[in-house]
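Novice:
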């Protein structure tokens, strides 16, 4: 199964892309987010379901998250 979610935002800068799956990483102001959403999603997909979660982004254009789950 492959699930792709694409937005029409501004993309993710390359210096941030390496951190998006790290626990507690957030670009939101203090107190406005825990930074656990993508980290937990990554663990559930990769460890819980033996799948893969990738992010593909083009600065100024869009971001795409690709979830691949085995049969």
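Numbering (my numbering), first residue to last: 56 to 126. Cβ atoms here follow ideal geometry from the backbone N, Cα and C, with glycine treated the same way. All of these numbers come straight from a predicted model, not from anything done at the bench.
(1) From residue 80 to residue 74, what distance separates their C-alpha atoms?
(2) So, residue 123 versus residue 67, is the Cβ gap smaller than 7 Å?
(3) Which word fits residue 89, buried or exposed, when buried means at least 16 other C-beta atoms lie within 10 angstroms of its C-beta?
(4) So the candidates are 102, 60, 114; which of them puts its Cα closest to the Cα of residue 71?
(5) Return the CA-CA distance between residue 60 and residue 93, expressed in angstroms with no decimal places.
Specialist: Taking the geometry as given:
(1) As a first step, residue 80 must be located in the chain shown, where it is residue number 25. As a first step, residue 74 must be located in the chain shown, where it is residue number 19. One C-alpha to the other measures close to 7 Å.
(2) Translated into positions along the chain shown, residue 123 becomes position 68. Translated into positions along the chain shown, residue 67 becomes position 12. Result no, Cβ atoms of residue 123 and residue 67 do not sit closer than 7 Å.
(3) Along the chain shown, one-based indexing puts residue 89 at 34. Result: exposed.
(4) As a first step, residue 71 is located in the chain shown; it is residue number 16 there, counting from the start. When only C-alpha atoms are compared, the closest one is 114.
(5) Taking the chain shown and counting its residues from 1, one reaches residue 60 at position 5. Taking the chain shown and counting its residues from 1, one reaches residue 93 at position 38. Taking the straight line joining both Cα atoms gives about 13 Å.
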